[in-house]
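Step one of this worksheet: look at the structure below.
Residue numbers (the working numbering): 1 to 388.
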């Protein structure tokens with residue numbers, strides 16, 4: 001039986017109620033309690049006072065000070081409690097004491113809340129000595145004090161325990177979500193390894209065997225060797241991606257850097273594509289940005305081979321004004337394109353665009369005036385998202 005730990009309606013309401021109100025540092029609960037304290041204190045000040053103060057104006061001043069103090073009930077609940085006890089002696093307001101003890105039990109250690117609660121209970125009977133209380137019973141005062149001290153403390157401790165349970169449930173949810181994602185990554189990695197790894201390995205095996213078939217022309221041997229090298233490189237890249245998928249660590253796939261572009265261009269030349277390569281990079285380049293430049297050139301050259309075979313192609317990578325710029329441009333193909341149907345065709349450029357946007361860069365791909373195609377990217381080198 002699976003334990004359901006999805007947030008219930010009360011938890012969602014409680015979480016929303018304890019969030020900051022707008023851009024202020026106070027929560028909705030803080031403002032509500034301040035409003036209740038203000039209403040109770042002002043209402044008490046307008047009535048005949050049972051405290052030391054006998055005038056409405058001083059009682060209102062005390063009510064305003066006590067109300068303002070509740071804005072710091074989370075940061076200094078002990079000071080707020082002492083302030084409300086002083087207000088109780090001065091003007092007899094009980095509502096602030098009730099809410100102050102709740103905040104004290106909610107935000108302070110239990111032993112401190114117990115000490116202040118006892119002090120509050122003992123301070124209430126002293127009101128029997130104040131003017132205006134000749135007919136009041138000390139027993140009634142003690143019962144009232146016990147209620148006003150016990151009930152808010154219990155509510156505060158209950159609120160603290162409930163919030164701790166919410167935190168525990170959130171941690172459990174995050175743990176289960178992470179575990180589910182890890183299991184799904186492992187399953188996907190296993191499927192990709194069984195399907196893609198097997199097929200690429202067969203391609204590499206057949207290409208290697210073709211190199212040693214008697215009577216094969218040297219040009220065919222060269223193409224077979226290029227196919228085998230590409231397949232083996234693809235297997236290495238696949239292992240890196242599968243390792244990242246299993247471990248959930250994207251940093252392990254950032255193995256390609258700008259120095260690997262020479263080899264990538266050489267592989268394109270071995271397939272019969274006339275490519276010129278120029279680089280003008282100064283200073284360090286973050287690994288994520290270097291990998292993005294590599295993927296841009298890789299995807300662009302793959303598209304040229306598919307859509308414009310034997311077309312003259314230019315690759316240029318450079319740094320300028322704190323940005324890494326990559327450009328791949330090809331002329332129209334001198335021969336008809338051999339259209340190769342590939343599953344998911346067209347998603348390579350979409351993935352590049354999304355990768356560039358995440359890094360705060362620019363991406364442009366489109367036809368040139370001469371009938372060719374050009375891909376241009378630009379990424380800021382100081383983007384925090386690209387830090388290793």
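Ideal Cβ positions, reconstructed from N, Cα and C, are used throughout, including at glycine.
None of these values were measured; they are calculated from a predicted model.
Item	Value
Cutoff 7 Å; reference residue 135; Cβ partners in own chain excluding five residues on either side	For residue 135, the predicted model reports a pLDDT of 48, less than 50, meaning its position is unreliable; a value from the coordinates is still stated below. Contacts found: none.
Rounded separation between residue 342 and residue 180 - CA only	The pLDDT assigned to residue 342 is 49, lower than 50, so where the model puts this residue is not dependable; a value taken from the coordinates is nonetheless given after this. Roughly 31 Å separates the two Cα atoms.
Cβ separation of residue 245 and residue 185, assumed to be a contact under 8 Å, to the nearest whole Å	5 Å
Cβ-based neighbour list, residue 331, same chain, cut-off 7 Å, excluding 5 preceding and 5 following	311, 312, 370 and 372
Residue span of the alpha helix (DSSP H) that contains residue 324, given as start and end	Per DSSP, residue 324 belongs to no alpha helix (DSSP H); it is in the beta strand (DSSP E), 323-330.
Alpha-carbon to alpha-carbon, residue 273 and residue 333	10 Å
Sub-9 Å separation of residue 84 and residue 93 beta-carbons	yes
Rounded straight-line distance, which links the Cα of residue 261 to that of residue 216	31 Å
DSSP-derived helix/strand/coil call for residue 344	In this prediction, residue 344 scores a pLDDT of 49, lower than 50, which makes its location untrustworthy; the coordinate-derived value is nonetheless stated afterwards. Here residue 344 sits in coil by DSSP.
Burial state of residue 303, where buried means 16 or more other Cβ atoms lie within 10 Å	buried
DSSP state of residue 278 mapped onto helix, strand, coil	strand
Option nearest residue 236 by Cα separation, candidates 204, 97 and 89	204
Residue 319, enclosing beta strand (DSSP E) - first and last residue	313-320
Contact check, residue 166 vs residue 14, beta carbons under 9 Å	yes
Nearest candidate by alpha-carbon position, reference residue 284, set 67, 318 and 20	318
Straight-line Cα distance separating residue 323 from residue 278	17 Å
Neighbourhood of residue 289 by C-beta distance below 7 Å, restricted to the same chain and skipping five residues each side	324, 359, 379, 381 and 386
Coarse secondary structure for residue 160, derived from DSSP in three states	helix
Identity of the residue in 316, 91, 198 and 100 nearest residue 293 by Cα	316
Counterpart residues of residue 362 in DSSP-defined beta bridges	378
Chain-order list of residues whose beta-carbon lies under 7 Å from that of residue 11 (same chain, five-residue window excluded)	166
Contact the stretch 148-162 vs the stretch 89-107: 3+ CB pairs below 8 Å	yes
Neighbour-count burial assignment, residue 344, 16 or more Cβ in a 10 Å radius	Note that residue 344 scores a pLDDT of 49, beneath 50, so its modelled location is shaky; the value from the coordinates is reported in the next line. That one is exposed.
Distance, residue 221 Cα to residue 452 Cα	The structure shown has nothing for residue 452, since the chain only spans 1 to 388.
Check whether residue 96 and residue 41 have beta carbons under 9 Å apart	yes
Own chain partners of residue 252 with C-beta closer than 7 Å, once the 5 adjacent residues on each side are dropped	Legend: pLDDT at residue 252 = 48, less than 50; position of this residue unreliable, value from coordinates given subsequently. Once the five neighbours on either side are set aside, the close Cβ partners of residue 252 are 240, 243 and 244.
C-alpha distance - residue 296 paired with residue 364, whole-angstrom precision	11 Å
Close beta carbons around residue 257, own chain, < 8 Å, minus the five adjacent residues each side	285, 287, 290, 291 and 294
Within 9 Å, strictly: CB atoms of residue 18 and residue 28	yes
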